[in-house]
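Just so it is clear: in the sequence shown, position 43 is 25 by this note's numbering, and no numbers are missing.
Worksheet: one structure, shown below.
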Amino acid sequence: AQSHVLWPEIDRITAEQLHYARQGVGEGVWELFAEDGEMRMYKREEEVNGLVVDPLKAVHTVKGVTGFEMCHYFFSPDYRLDWETTIEQMKVLEKVSDDTMIFLQIHKRVWPASQRDALFWSHLRQVPDSRDPDAQNIWIVCNHSTEHHSAPEKSNGKYIREKSNGKYIRVFLTVALVCQTMIEPPKNGAQITRDDLTCKITYCSVVNPGGWAPASVLRAVYKREYPKFLKKFTHYVYDQCKNKPIRF
Ligand SMILES: O=S(=O)(CCO)c1ccc(-c2ccc(C3CCCC3)c([C@H]3C[C@H]3c3ccccn3)c2)cc1
């Protein structure tokens, strides 16, 4: 992917998102708005030009899977429709490399707002941990809005296009899923099993709705959809992996 025109941006945004994901939620600005078992979901209330763009940060711990497995199922287009319940259609516009793709997703309509689509590059990468050089166990998937010749977003200078070629307001998003594998080595030197694995997840998301939608509606949708999404996704990955050999 190093040769692709997007590579400098992919490299920069992915590094920025890794740093951002690692910042704690301790500092007072984050508001805890959902808890479910090990999952803690935080948000900040922010508006850009009157549009709700509340940044979200979720932390979660899932036993029995590796960080690679969690990121693999999040990145791969083959499984997305199994766990993403808010999209109607998904298309890979370009396969930049084995670890980088460009997606176009049409999201289900959130009444009374107009229907949205999302066009973004998605990049999967293993991250050497600067603090712990032999921790080869951190993986990240970063999704960030981009343009693409095959899905122009503009016509008459606005973000609205005619229904014929998909009249959707285009959201602008930056998302990062950072997963670290923790291994509790078995006492008796036995082989590692899934019972010895824990995956520590940080999920960060900023979605700009791209066009007006009532703040109260968006905040209610985010409050409902994000916990549901992360719970469904992590359970899906556990179920997909539980009877398969471990992939680090
Ligand atoms: O993590 S990902 O990269 C996974 C790949 O799909 C991701 C997650 C979320 C979105 C997204 C896009 C649009 C909306 C809204 C904005 C106005 C109307 C639709 C929302 C709001 C609805 C909330 C939501 C939260 C979580 C999951 C889905 N829906 C979320 C896009 C990508």
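Backbone N, C-alpha and C define an ideal beta-carbon position, used for all residues, glycine too.
- Burial is judged here by how many other beta carbons sit within 10 angstroms of a residue's own beta carbon; residue -1 has at least 16 and is buried.
- Its chain contains 43, 45 and 164 as the residues whose beta carbon lies nearer than 7 Å to that of residue 180, once the 5 sequence neighbours on both sides are disregarded; these appear in chain order.
- DSSP links residue 102 through a beta bridge to 85 and 127.
- Here the distance from the Cβ of residue 187 to the nearest heavy atom of ligand 1 is below 7 Å.
- By the 16-neighbour rule on beta-carbons within 10 angstroms, residue 105 is buried.
- Of 1, -11, 166 and 155, the smallest CA-CA separation from residue 36 is found for 155.
- Leaving aside the five residues that flank residue 48 on each side, the residues in its chain whose CB is nearer than 7 Å to its CB run, in chain order, 163, 179, 181, 228, 229 and 230.
- Rounded to the nearest whole angstrom, the CA to CA distance from residue 124 to residue 207 is 20 Å.
- Between the stretch -4 to 14 and the stretch 164 to 177 there are fewer than three inter-stretch CB-CB distances shorter than 8 Å, so the stretches are not counted as touching.
- Assignment of beta-bridge partners to residue 107 by DSSP yields 122.
- Counting along the chain, residue -12 sits inside no beta strand (DSSP E), nor does DSSP assign it H or E at all.
- In this chain, residue 206 is not harboured by any beta strand (DSSP E); it is covered by the alpha helix (DSSP H) spanning 197 to 223.
- In the three-state reduction of the DSSP assignment, residue 69 falls in the strand class, which pools E and B.
- Excluding five sequence positions before and after residue 167, the CB atoms of its chain that fall closer than 8 Å to its own CB belong to 174 and 178, given in chain order.
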